[in-house]
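Colleague: Here's a structure for you.
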Amino acid sequence: MPANNPPLPPPVGEYRLFDRVLGPLKAGKYKLEIEQKIGTEEGKVSRFFNVTGPRWGLEAAEVHAVYPPRNEQDAPTNSHIPFITLQRRSLPWERDLFLSNETVQQFVNDNQMTTDARKYPWMALLILTEDELTNGGEVGVYKGDEGLCLVDSKNSIPGVFAHWSQTKRDSFDITSSMNGLTVDAIRVKTSTLRSVAPTLEEVLLLAHARQVNPQDKEQCGSDEDGWFAVILGNRVLKPDQKYHACLVSLEGRLSENILPTNPALVQTAPKTANPSKTTSMMMAGFGLPSMKEKTPEKGGGVGVSGPSPPSFTNLVLLHHWTFNSSQTNGDFQSRMERLNVRVESSRRSNVKAGDVIPLSEIDVARDTIEPMLLGTDSVPGVTANSYLSTTMHGSDGLEEDVLYRSPLVAYSEQRVVRDEPYPNSDAALAVIEELGIWDISHASAFELGRLLALGDGKFTKAMKAWVANDIKEEQRAEVEAKIEAKGFSVSKLNERLQSIKQHSSVRKVRDSRIDTSRHKAPQESKTTESINLETEYAGQAQEGGGSFGR
């Protein structure tokens with residue numbers, strides 16, 4: 018879909034998927050020629066310009082969300098695929114995956130695949146375990162100051178494009194002056210990369226654009242237009258593993274044979290007889306190899322012929338995060354079954370009151386557990402108003418019994434709307450007068466919301482801008498109030514200054530005292546603009562870090 022004619026947003030709660038969104042121009046150098054002919058006169062002019070975009074890394078603002086979340090410790094296995102959501106809908110298709118002298122047909126042997134090079138994204142999301150990235154005790158992720166150079170060696174590790182000739186680097190817009198440029202990168206064994214990376218056909222299918230309604234905050238967040246690009250990984254997670262999700266650039270790297278190709282289907286011939294001629298002809302008709310032929314190993318098959326790739330491959334790392342997969346399945350059912358519960362009382366000798374054990378280890382006949390679900394008849398012992406008794410650990414190290422409940426209560430209740438927000442979480446504490454015990458429900462919600470807000474980079478930035486604008490308006494209002502307190506107004510002062518400029522003789526007296534033979538005024542300063550006090554005083558108050566009188 019072209020980026021210049023987007024459809025209307027879908028209804029709230031729905032979203033649309035698009036194969037891709039192509040911008041009018043890809044990143045690169047362009048020449049603009051303008052011709053004009055008026056009568057017999059002709060004119061022609063040329064201008065050169067560059068279309069730029071992210072190439073060696075992504076800013077934090079370019080990433081809308083990742084899944085599983087960064088540092089997740091219990092990511093679902095066997096049911097979910099990691100992905101990254103990008104803010105700009107056309108970003109995965111803004112650069113060329115292929116070099117200028119390459120065609121799609123060189124790398125794709127499937128007639129059903131598109132041959133339009135623009136439709137292939139230049140990035141892919143690799144999902145690697147820490148063991149797959151580790152070599153010699155060192156994890157092959159290099160970021161920040163520890164990143165790799167584009168060409169030069171760093172800490173005995175060759176640059177990302179060190180194996181390219183200078184001619185090839187020049188055609189790729191990597192000049193000699195960029196040899197020492199440091200970028201985030203990963204270093205992985207080529208054999209490992211070919212075993213886990215997506216094929217070129219999969220790279221095409223694992224990227225798409227998504228449109229949601231901007232009013233749908235659950236999916237859209239603070240985004241304004243509701244458009245995103247999504248890159249999916251190609252691996253289902255295994256249990257109890259630490260994973261590295263690496264969004265890498267594949268731009269210009271296909272000729273290095275670092276991606277696997279679709280292997281031929283492996284057929285096992287019966288031991289009692291050789292395949293018949295008829296069977297071989299049928300298999301050939303479906304494009305399958307004969308059973309007598311040796312099928313290529315994984316990562317083999319059709320592809321660009323060329324020298325064997327090096328033992329290690331360095332790739333430009335655009336974005337990176339880590340997470341741990343669940344020790345079991347990690348889906349909703351398994352998570353519910355693995356919930357830990359607190360024992361209220363037990364008739365077993367090896368279980369004591371207060372012990373926290375998995376729900377699966379509860380002996381229903383001999384154990385009584387504290388309620389897990391609030392406000393239901395199926396959980397005896399819960400208070401009528403859905404409170405749960407728990408322990409609060411204070412910052413001073415002391416512990417005390419408190420009550421807590423979630424927004425989900427068994428019965429509707431009258432809520433009191435506050436006129437002012439809580440200044441801090443302690444101010445949200447309440448006391449249950451009948452019991453003389455703290456209610457930490459609102460305080461917990463306040464603190465949780467505060468921590469979530471501080472963890473949202475875009476929200477923090479917007480909050481800072483809002484506070485700065487509020488301070489500026491406060492300073493302006495204070496300056497105006499001080500001026501008006503003296504019987505003036507900003508508008509009247511401006512009018513008065515304009516009148517003085519037009520009718521006052523002060524300037525004439527001043528000019529008569531100046532020796533014009535020694536001091537000649539510049540010609541361009543014959544007129545002087547009047548001063549706007551409203552802007553001037555507000556600017557002075559802001560530059561001084563506060564308002565007058567402080």
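According to the working numbering, the stretch in the sequence shown is residues 18 to 567, in order.
Every residue, glycine too, gets a C-beta built ideally from N, C-alpha and C.
Given residue 214, which residues of its chain have a CB within under 8 Å of its CB, disregarding the five upstream and five downstream residues?
Modeller: Excluding positions up to five away in sequence, the list reads 141, 143, 251, 275, 276, 277.
Colleague: Please report the straight-line C-alpha distance between residue 220 and residue 152, rounded to a whole angstrom.
Modeller: So the two alpha carbons sit approximately 26 Å from each other.
Colleague: Taking residue 406 as part of the beta strand (DSSP E), name the residues at either end of that continuous run.
Modeller: Residues 405-410.
Colleague: Terminal residues of the continuous alpha helix (DSSP H) containing residue 483?
Modeller: Residue 483 -> alpha helix (DSSP H) spans 474-502.
Colleague: With burial defined as no fewer than 16 other Cβ atoms inside 10 Å of the residue's Cβ, what is the status of residue 349: buried or exposed?
Modeller: Residue 349 comes out exposed.
Colleague: Whose C-beta lies closer than 7 Å to the C-beta of residue 164 among residues of the same chain, with five residues either side of it excluded?
Modeller: So the qualifying residues of the chain are 199, 200, 201, 202.
Colleague: Let me check understanding here. Comparing Cα to Cα, which of 75, 438, 99, 423 lies closest to residue 248?
Modeller: Taking only the C-alpha atoms, the option nearest residue 248 is 99.
Colleague: Which stretch, first to last residue, makes up the alpha helix (DSSP H) that contains residue 517?
Modeller: 507-520 is the span of the alpha helix (DSSP H), which, as asked, contains residue 517.
Colleague: For the alpha helix (DSSP H) that contains residue 157, what are its first and last residues?
Modeller: It is not in any alpha helix (DSSP H) - residue 157 carries neither H nor E in the DSSP assignment.
Colleague: Count the other C-beta atoms from every protein chain shown that fall within 10 angstroms of the C-beta of residue 53, then say buried if there are 16 or more, exposed otherwise.
Modeller: Result: exposed.
Colleague: Classify residue 66 as buried or exposed, calling it buried when 16 or more other Cβ atoms lie within 10 Å of its own Cβ.
Modeller: It is exposed - the Cβ of residue 66 has fewer than 16 other Cβ atoms within 10 Å.
Colleague: Smallest Cα separation from residue 69: which of 112, 445, 166, 76?
Modeller: Selected option, being the one with the closest Cα: 112.
Colleague: Tell me the DSSP secondary structure of residue 442 in three-state form.
Modeller: Coil.
Colleague: Would you give the residue range spanned by the alpha helix (DSSP H) that residue 219 belongs to?
Modeller: Unbroken alpha helix (DSSP H) run through residue 219: 217-222.
Colleague: Who are residue 47's beta bridge partners in DSSP?
Modeller: DSSP, once it has assigned bridges, lists 66 as partnering residue 47.
Colleague: Between residue 168 and residue 161, is the Cβ-Cβ spacing less than 8 Å?
Modeller: Not closer than 8 Å, so no.
Colleague: Whose C-beta lies closer than 7 Å to the C-beta of residue 449 among residues of the same chain, with five residues either side of it excluded?
Modeller: Only 420, 456 meet the Cβ criterion.
Colleague: Taking only the alpha-carbon atoms, compute the straight-line gap between residue 481 and residue 490 and give it to the nearest angstrom.
Modeller: Approximately 14 Å, taken between the alpha carbons.
Colleague: Assess, as a yes-or-no matter, whether the stretch 80-96 is touched by the stretch 334-345 under the definition of 3 or more beta carbon pairs within less than 8 Å.
Modeller: In short, these stretches touch, since the Cβ pair count reaches three.
Colleague: Just the C-alpha distance for residue 42 and residue 477, rounded to the nearest angstrom, thanks.
Modeller: Each residue's Cα considered, the two are about 33 Å apart.
Colleague: How many angstroms separate the CA atom of residue 75 from the CA atom of residue 84?
Modeller: C-alpha separation (whole angstroms): 17 Å.
Colleague: At 4 residues or longer, what runs of the alpha helix (DSSP H) sit wholly inside the stretch 93-160?
Modeller: Here the runs fully enclosed are 147-150.
Colleague: I need the DSSP call for residue 328, collapsed to helix, strand or coil.
Modeller: Note: residue 328 maps to coil in three-state DSSP.
Colleague: Under the rule that 16 or more other beta-carbon atoms within 10 Å means buried, what is residue 371, buried or exposed?
Modeller: The residue in question, residue 371, is exposed, as its Cβ has fewer than 16 Cβ neighbours within 10 Å.
Colleague: So what does DSSP say about residue 245, is it helix, strand or coil?
Modeller: Residue 245: strand per DSSP, three-state reduction.
Colleague: List the endpoints of the continuous beta strand (DSSP E) containing residue 206.
Modeller: Per DSSP, residue 206 belongs to the beta strand (DSSP E) from 202-206.
Colleague: Going by DSSP, what residue range makes up the alpha helix (DSSP H) through residue 184?
Modeller: That run of the alpha helix (DSSP H) goes 183-188.
Colleague: Measure how close the beta-carbons of residue 10 and residue 63 come, nearest whole angstrom, since I'm counting them as under 8 Å.
Modeller: No information on residue 10 is available, as it lies outside the stretch 18 to 567 that the chain covers here.
Colleague: Who pairs with residue 59 in a beta bridge, going by DSSP?
Modeller: Residue 59 is bridged to 54.
Colleague: Have a look at residue 136 and residue 479 and give me their C-alpha separation to the nearest angstrom.
Modeller: C-alpha separation (whole angstroms): 35 Å.
Colleague: Just mark residue 423 as buried or exposed, buried being the case when its beta carbon has 16 or more other beta carbons within 10 Å.
Modeller: With fewer than 16 Cβ atoms within 10 Å of its Cβ, residue 423 is classed as exposed.
Colleague: For residue 273, report the span of its alpha helix (DSSP H) as first-last.
Modeller: Taken as a continuous stretch (DSSP letters only), residue 273 belongs to no alpha helix (DSSP H), as it is neither H nor E.
Colleague: Using a threshold of 8 Å, state whether the C-beta atoms of residue 138 and residue 224 are closer than that.
Modeller: Yes. Within cutoff.
Colleague: Sorted by chain position, which residues of the same chain lie with C-beta nearer than 8 Å to residue 226's C-beta, five sequence neighbours on each side aside?
Modeller: Excluding residues within five positions, the ones whose Cβ falls inside 8 Å are 18, 34, 35, 36, 37, 38, 106, 107, 244, 245, 246, 247.
Colleague: When the distance is taken between beta carbons, is residue 336 closer than 8 Å to residue 264?
Modeller: For residue 264 and residue 336, yes; Cβs fall inside 8 Å.
Colleague: Taking the beta carbon of residue 536 as the centre, do at least 16 other beta carbons fall within 10 Å, making it buried, or is it exposed?
Modeller: Confidence at residue 536 is low in this model, with a pLDDT of 46, below 50, so the placement of that residue is unreliable and no value is reported for it.
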